[in-house]
Each structure stands twice: as structure tokens, then as C-alpha cells.
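Data block below; observations after.
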Amino acid sequence: MAIFVDENTKVIYQGLTGSQGRYYGLLNRDYGTQVVGGTNPKKAGTDVDGIPVFASVAEAVAETGANASCIFIPAAGVKAAVMEAAEGGVEFIVCITEGVPAHDEAWFFNKLRRDFPNVRLLGPNCPGIISPGKCNIGITAGHIAKEAEPGAINVGIVSRSGTLTYQALYELKLQGIGVTTCVGIGGDPVPGTSFIDCLQAFEADPDTHAIMMIGEIGGSAEEEAAEFIRSSVTKPLSAYIAGQTAPAGKKMGHAGAIVSGGKGTAAAKMEALTAAGVRVGANPTEAGELMVEIVKELSA
Amino acid sequence: MDLFEYQGKQFFASFGIPVSPGGVADTVDEAVAAAEAAGYPVVVKAQVMVGGRGKAGGVKLANDADEVRLHAGNILGLDIKGHIVKRLWIEHASDIAEEYYASFTLDRSAKKHLGMLSAEGGVEIEQVAVDNPDAIAKIWIDPVDGLTDAQAREWVAAAKLNPDAVEGAVAILKQLYTAYTDGDADLAEINPLILKPSGEVHALDAKVTLDNNASYRHDWAEYEATQERDSREQAAHEADLQYVGLDGYVGIIANGAGLAMSTLDVVNQVGGSPANFLDVGGGADADKFVKALTIIDNDPLVKSIFINIFGGITRGEEVANGIITALGQIDISSPIVIRLDGTNAEEGRAILEPHLGDKLRMEPTMLDAARTVVELAKA
């Protein structure tokens, strides 16, 4: 099994006709993802390498039975694109676009929660999601992930950082450890899907036996996750928090990665996670080694 | 993007929030002219993006032109916590009956907007939050609904402001919320928000942080032009690189913000000190490496450079070719240590291999590379 997406997920790409949408849409299809369509009101009726382009998400859903959407639309159009996807009838929306204004994010997060409670948004500003061997939506290089195997100990990954997610996938692959699903929740201030949403799903997934978590400085999402782990997660975890030595008050690339007034520091997050029983590594490699240890213990 | 007080007041005024009449001055003569226009008495205020201006002597009352000359002369050029005062804001001095605090910001945890209002403004509000948290009335606003009139009234009542201030405060809070949302601010804060003896409510200060992601839908050129950056940050900004200057001696280049932060962590863990954070992003464009390496090598503090690359969609050999092409175009004085892993790392390393030597080294892991780069810096 996997969480959120699997071999039955049918995806449409909003922005498939743009350069990024086309590049990653075709890569995702090559990986084996069911890429069933794209949208562009000006290019409806055409196709991108055989993938049909529709005027709207609603039309694409009606024609293809798509249940997920991936957004590669410039930041200015994201608010409308997210609402079009929800109104069009998909259940899972992955928004890769970075640079979306925070007020737009806060607005559509609350709008979805209120009017479309069954729709899950991942992102914006995220690398996407991959259930290795089944479905890859977004910009993750599929070949760096090892498929989960029945009977083996498999790991679920949830991360706020893109490149560190790839590194985690890669290190687990080198160790021969399979991954059920790897979710990049992104580093923005109002992510559609949180650590807790993913932890809850991994806890419920019988094929996921352990969870790896990669956090960043800023905000309090990791502290909240630690609280949730303490109360509701029985599966073992390893974690890494990036930005342990970042100076306070400086923005480090991700909108979310900023430390202010002693809150959201790496130390506070690492302490909270350790107290919740998570094995926390000082760097990504160490977090990977800790996960290898966990997998060995579970296999014994 | 943080605004200076005078810009924050202009920003507020554009949303109808009452602020004091005043003007900007870069010289003593301009200060006098601004004071004459605003009407005496005036307050001469240093424009720096740092708190504690008053205590540092950066805010003075002046009753006539001579006093304006005296204070403006003293404050211009003053060093306030490392910020040199280059600009003043001169405004008509207000009579103050009471001082309040008001702000809006995003509560990332609740995923709603958070409004804070206190009758105990004008002082260190963070201290009030610690000593007497009940003195701050908080309200969480759903962005879809916005701030309704009824909510604003309830909120003002909860903050126990002077009854004379209620109508004015409700009006200003609604305007401030509009400024915060329509103006795409991450933070909109008034401290102090004052009640005048005449009963009017008025913004005496302005602290505004704008969301850079929203710049495409506003005209912020004037604010952008006055941003304070060091020379390295300015060069990186012009080259469109994600760069943050630090004060160590190991230059850092990584692909991805998380990996770059992680690189700082590892360099620190092995006893080094990073000179910067720099995310070159995805892709393998030689031009980006040229710009990134040039900015770092021009930093006089840098003794060695760590290039940390993890190949994802962009393959190792593409990145290796990009780096080698870049190194062929520029002359870098500091030794470079590369760690290249991920997609097609073997092929990438094979491309780098013939170029290795004292000036360019390669290590298999992040930790090994960090140790080597710190050793080279200390050598």
C-alpha cells in the first residue's frame, strides 16, 4: 500500500502546455504515473505528446475520470488554479509552484477546508509526492527511490525540503530499504498538507513500518508533529532538522525557514522530537543511519 | 521586505489610516523644511530598521528650527546598533492621552490571521506578552471571512481600551486589516496606536513587512530601492541567487535550500564557520556557477569553498560539466571542495577527476567534504 497516491491515481496537469509542466508531466508519465490529461483553455483539443489537453479541470475530470491534479502554473494564477481543481472534482491537488503570496495560501487553505473538506492539497512550493513503483507526481527523480516490497520492512518519508528528501530516498535505496510513499510538504508558511496529516496516514498504512521525517527551522510544525507522535504514532521514527546553525532572523531560501525570537529553532524542534521518542540525527546522513538501525531492529 | 517607518506610514496612509503629517529628510536643511511644513512642535526620528531608536538618541522633540538643526545634525550619521542613520522622518508632534498596541500577522499554527490589541502599548510589547499575557486581546480571523464589524467591536471591548477610543480603534483596525491583506503584508503593526486628548485615534509608528512573493501585483519599486544589503548580498540579488551573507570563512554553494542549510550545519559540526548560505537551485547552468563562485570568491573573509550537489532530475554529469565550464571562465583564488552525489554521481565524478588537484578536491560524503574544506580554510 501507499498513502495518498498509488497505481490507481489518474492525474491531470494544470499547465501541461508550459515548459515545466510538459517536462515533468512527461517524466512522470515515463515513470508509470497515469497522466491522463492537461488543461489550458486556449489549447483545448490539442495534445502534448499524446496527452489530451482540455479547457478546464471539470472537463478533464468528466472525460478521463482523473482524481488528482498537479499544478505547474505561475504563482499569480495558483489561487484560481487550486479552486478550479477543487471545483472540478479532483480529490488530491499537488501544487509545485513556488513564490505564491502567503495571503493567497492562507485564503485557499481555509476555503478548501470549509467548502471542500475531502480535497487534499499538497504544497504549494513542494517537490510533490512519490509512491515508488506506483505513482510519481511532481519533480522528484523517480529512479532514486526504491519500491516498497511485501514482506520487507518499508519506510514512509515526510519532508519540508526538496533536495534533502532526494538524499533520504537515495540513502535508503543504497541500503536496500524500500519506501511506501515519500511526501514533500514544502517549506511555505501555510502548507496544504502538514507533517501530522502524513504521520496519521503512515500510521494507518499497514505496509509502512517506520517513518523518516525531515524538518526545517521556522514555525512550529515539527513541535506540533512531536506532540502528535507522542499521543498517536506507534511506529518508530528517525528525523533530521535542517538549519541548526542558521542565524536568527535570516531567511534561508524557503519562506518557512526563518527563526524569530528564539521560536522555531532547530534545538527546540530536535528536543521536542527526541522527547517524543524520535531518533534525531545531527545531519541527514546520521538520520539515514538511524533509520537503517530501526529497520534492522524491526527485521530481527 | 521590511519597510522603514516613513514608508510604513505612507503605506498605512494609502489605506486611509490616520498618521501624522510629516516629511523625509536626508540633510539638516531638508529637515528644517520638513518641520516648517509639518508645523511645530515636531519629532525628529531616525529611519533605521532596528528597535530601540529612542534609547539610542535617535528620536527627539524640536520646538523650532534651531532645535531641528541641532537634533537632525546629531542624529544623521548616528550609529544605532550597527545601523548608520542616513534618513530622518520629521512629523508634527502629537498630544498623547493613551498608548495602545495593534498588529496583524499570520498564525502559521492556526493557519488563520492573528490580530493582537493591547491597552498597554508604547512600551516593550514582548515584555507585556511575557509579564501580563492577559493584557493582549487576540483574535483569529478566517481569511475567507475577513474581519467583520461585530468581531472588531468585540475585540476592542476585550482589550479594554478607553471608551473614548472605541469608535476610532474599530475604524483603524478594520483599515489596518485591509492594509495587511490587500497590501500583502506579512506583518502590519502600530506601536503605539494613540488616543489623543481630542478623542482621535492615530498611528504614531508603523512597522510593516511585505511579502516579496506578492511584489508582482504591487508597485514596490520605491521600497525595493531602499533595501539595506551588504555588497555581497546586493551582487547576489542582482544575479537572482538565493544568498544570505554570514560572517565565517567557508563559502557554501548547494543545490536546494534544505541542502544548503544542512551544509551550514555540517560545516559547523566539524568546527568550521560558514561565510554564507547560497542555493543555486536546480539545473546545471555554468553561468549560475560562475556568478555564485564569483560572489563567494570576492568575499575577503572566504578561505575555502564547499560545493555540495545532490543530483535529482539534473544528472551528476550535467552538474560536473557546468562546474568545469564555470571554472574555465573565471579564476577562483580559494581552494574548492566538491561533494557530488545522487543521480549519475559516478559519471559526474569521472568528469571532475582529471581536473582535481590542490585547487579542486572531491570527497565522497558531506562530512568528509566538510572536514576537508575546514582544514583547507585553516591551513
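Residue numbers (numbering that gives the first Met the number 0), protein chains in the order written: chain A, 0 to 299; chain B, 0 to 378.
For each residue, glycine too, the CB sits at the ideal point set by N, CA and C.
How many angstroms separate the CA atom of M212 of chain A from the CA atom of S237 of chain A?
Using only the alpha carbons, I get a separation of about 6 angstroms.
Can you say whether R216 of chain B is buried or exposed, counting buried as having 16 or more other CB atoms within 10 angstroms of its CB?
exposed
Cβ distance (whole Å) where D106 of chain B is taken to contact L113 of chain B below 8 angstroms:
4 angstroms
Any idea which residues DSSP pairs K159 of chain B with across the strands?
Answer is none; K159 of chain B lacks a bridge partner.
If I measure Cβ to Cβ from T273 of chain A and keep anything under 6 angstroms in the same chain, skipping five residues before and after, which residues do I get?
V279
Please tell me whether P352 of chain A and T96 of chain A are closer than 8 angstroms, where the distance is taken between their beta carbons.
Past the edges of chain A, shown from 0 to 299, lies residue 352 of chain A, and the structure says nothing about it.
Going by beta-carbon coordinates alone, are A43 of chain A and A54 of chain A separated by less than 8 angstroms?
Between A43 of chain A and A54 of chain A, the C-beta spacing is below 8 angstroms.
Could you confirm whether any beta carbon from chain B is found closer than 8 angstroms to the beta carbon of F96 of chain A?
Residue identity differs from the one stated: residue 96 of chain A is Thr in this sequence, not Phe. It does not: the Cβ of T96 of chain A has no partner Cβ on chain B nearer than 8 angstroms.
Quick one: list the residues of chain B neighbouring A286 of chain A, beta-carbon separation under 8 angstroms, in chain order.
Within 8 angstroms Cβ-Cβ: nothing; A286 of chain A doesn't reach chain B, min ~10 angstroms.
On the CB-based measure, 16 or more other CB atoms within 10 Å of its CB, does N254 of chain B come out buried or exposed?
buried
Note down, in chain order, each residue of its chain lying with its Cβ closer than 8 angstroms to the Cβ of A254 of chain A, except the 5 sequence neighbours on either side.
Because the pLDDT at A254 of chain A is just 47, under 50, the model does not fix this residue reliably, and the value given afterwards should be weighed accordingly. Excluding residues within five positions, the ones whose Cβ falls inside 8 angstroms are A101, N124, G186, D187, P188.
Starting from the Cα of T162 of chain A, find the closest Cα among B:D218, B:A71, B:N307, B:E4 and give me that residue.
B:N307
So the beta strand (DSSP E) Q241 of chain B belongs to, where does it begin and stop?
241–244
DSSP state of R228 of chain B mapped onto helix, strand, coil:
coil
L75 of chain B: buried (16+ other C-beta within 10 angstroms of its C-beta) or exposed?
Note on L75 of chain B: 16 or more other CB atoms within 10 angstroms of its CB, so buried under the neighbour-count rule.
Quick one: is V169 of chain B buried, meaning 16 or more other Cβ sit within 10 Å of its Cβ, or exposed?
With 16 or more Cβ atoms within 10 Å of its Cβ, V169 of chain B is classed as buried.
For the segment 11–23 of chain B against the segment 48–57 of chain B, are there 3 or more C-beta pairs whose distance is under 8 angstroms?
The segment 11–23 of chain B makes no contact with the segment 48–57 of chain B: fewer than 3 CB pairs, one atom from each, lie closer than 8 angstroms.
Do A187 of chain B and F309 of chain B have their beta-carbon atoms positioned less than 8 angstroms apart in this structure?
no
For a contact meaning CB atoms closer than 9 angstroms, what does R113 of chain A contact in chain B?
D141, V143
So, does the CB of M269 of chain A fall closer than 8 angstroms to a CB anywhere in chain B?
no
Hey, quick one: how far does the beta strand (DSSP E) through H102 of chain A stretch, first residue to last?
Segment 101–114 is the alpha helix (DSSP H) holding H102 of chain A; no beta strand (DSSP E) there.
With DSSP collapsed to three states, give me the class of Q13 of chain A.
strand
Residue range of the beta strand (DSSP E) that includes A101 of chain B:
97–106
Using a C-beta cutoff of 8 angstroms, does T208 of chain B count as contacting chain A?
Residue contact with chain A for T208 of chain B: absent (no Cβ-Cβ distance below 8 angstroms to any residue of chain A).
Name the one or two DSSP bridge partners that L209 of chain B has.
The partner list for L209 of chain B (beta bridge, DSSP) reads B:A184.
So within the segment 4–62 of chain A, which uninterrupted alpha helix (DSSP H) runs reach at least 4 residues, ignoring any that extend past its ends?
18–30
Using the Cα positions of W106 of chain A and T324 of chain B, report the straight-line distance between them to the nearest angstrom.
Straight-line Cα distance between these residues: approximately 45 angstroms.
Contact set for Y179 of chain B: own chain, Cβ-Cβ below 7 angstroms, skip 5 residues either direction
F103, A187
Specify, as a first and last residue, the run of the alpha helix (DSSP H) that A271 of chain A falls within.
265–274
Give the residues of chain A in contact with S261 of chain B, contact being defined as C-beta atoms less than 7 angstroms apart.
For S261 of chain B, the residues of chain A that pass the 7 angstroms Cβ criterion are L163, A241, N282, P283, in the order they occur in the chain.
Among B:M48, B:V49, B:L69, which has the Cα closest to the Cα of V42 of chain B?
B:L69
Helix, strand or coil for K59 of chain B? Go by DSSP, reduced to three states.
Strand, per DSSP.
A151 of chain A versus T63 of chain A: straight-line alpha-carbon distance, rounded:
35 angstroms
Consult DSSP for I322 of chain B and reduce its assignment to one of helix, strand or coil.
helix
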